[in-house]
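Residue numbers (the numbering used here): 78 to 375.
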């Protein structure tokens, strides 16, 4: 089961482990100084690797991430199993390290890439690959099929510190009452924005909607879109989705006094602050959102 999952990851993302039956590819043990592109056309596929925020699983294991987008540019379906003849992920010394890393693909922010077997004509899929190791880190990915060979750079993943919580967590009943108020504020901002009653400012990666009291900022980060909502310059709500399959992977975050008080995950699970402070995944998600906010509002 694990071997099959790893094989699917390789074919999907152009990284991770060698396909079953392929001999290990040896690379020269010299320090890699070349920078490679992070996107490439490979036969009928267009593959893009982007920076991703770190991810912490509910069991407390922390991973670095790679955001992956794959497009089938042809008018025919493409089987991922036959897309590559060999895939190697190497470190800065050019050594194959696929078997030295722990991998994860399922999260709240896109498609579980390990489950994809085939791409429909012109289909685009987006998701994440997370990895962790105490001894090494991936530098680049080598994809081959017959005589074709390309190499992709693995973007670095930022390190984001968790937020310190000094006050007692908000009780569930209080969270529910606050969320009802937040929904009223949210609806008012959306109504004003749609009625063109807010000042609109466009920047390279964000759009701001402002009135005397309320503000909304739409921010595009790699393959994701985030909407930040404020009253009197205090963040109270955020929702996010990938630019592909957005309905299936929307997350909602409710804030008070700079702390997340509720997270509604894309699978519908609701985590309030009292339970969330004991949940490593909740804490990392809170830190990630506040990390992005500082760039969204620049």
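Yeah, the Cβ is synthetic: ideal placement off N, Cα and C, and Gly gets one too.
Exercise. Skipping 5 residues on each side, what residues in its chain have a beta carbon closer than 6 Å to that of residue 219?
Worked result: 165, 228
Exercise. Cα separation between residue 352 and residue 311?
Worked result: 24 Å
Problem set entry | Start and end residues, alpha helix (DSSP H) containing residue 367 | 357-373
Problem set entry | Same chain, Cβ closer than 6 Å to residue 277, five either side skipped, listed in chain order | Cβ neighbours of residue 277 beyond the five flanking positions: 286.
Exercise. Opposite residue 166 in the DSSP bridges: which residues?
Worked result: 218
For this session: Can you tell me which of 179, 221, 344 puts its alpha carbon nearest to the alpha carbon of residue 212?
Result: The shortest Cα separation from residue 212 among 179, 221, 344 belongs to 179.
For this session: Go ahead and label residue 195 buried or exposed: buried means 16 or more other beta carbons lie within 10 angstroms of its beta carbon, across all protein chains shown.
Result: exposed
Problem set entry | Short Cβ contact (9 Å threshold) for residue 316 with residue 299 | no
For this session: Alpha carbon to alpha carbon, how far is residue 330 from residue 368? Give it in angstroms, no decimals.
Result: 14 Å
For this session: Find out if the Cβ-Cβ distance for the pair residue 354, residue 133 is shorter than 9 Å.
Result: no
Exercise. Taking Cβ positions only, does residue 301 come closer than 9 Å to chain B?
Worked result: Considering every chain present, this structure includes no chain B. It has just one protein chain.
Problem set entry | Beta-carbon proximity of residue 155 to residue 126, cut-off 9 Å | no
For this session: Reducing DSSP to helix, strand and coil, say where residue 98 ends up.
Result: The pLDDT assigned to residue 98 is 32, lower than 50, so where the model puts this residue is not dependable, and the model offers no usable value.
For this session: Just the C-alpha distance for residue 200 and residue 284, rounded to the nearest angstrom, thanks.
Result: 28 Å
For this session: Using DSSP bridges, identify the partner residues of residue 297.
Result: Its beta-bridge partners are 302.
Exercise. Got a sec? Which residues, its chain only, sit under 6 Å from residue 366 by beta carbon, not counting five neighbours each side?
Worked result: Only 315, 330 meet the Cβ criterion.
Problem set entry | Residues bridged to residue 205 [DSSP beta-bridge criterion] | Paired residues: 144.
For this session: Determine the DSSP secondary structure at residue 223, reduced to helix, strand or coil.
Result: coil
Problem set entry | Simplified DSSP assignment, three categories, for residue 309 | Reduced to three states, the DSSP call for residue 309 is coil.
Problem set entry | Integer Cβ distance of residue 303 from residue 222, believed to fall under 8 Å | So it is not a contact: roughly 36 Å between Cβ atoms.
Exercise. I think residue 234 touches residue 128, with their Cβ atoms under 8 Å apart; what is that distance to the nearest whole Å?
Worked result: 7 Å
Problem set entry | Unbroken beta strand (DSSP E) run spanning residue 274, endpoints | Counting along the chain, residue 274 falls outside any beta strand (DSSP E), and DSSP gives it neither H nor E.
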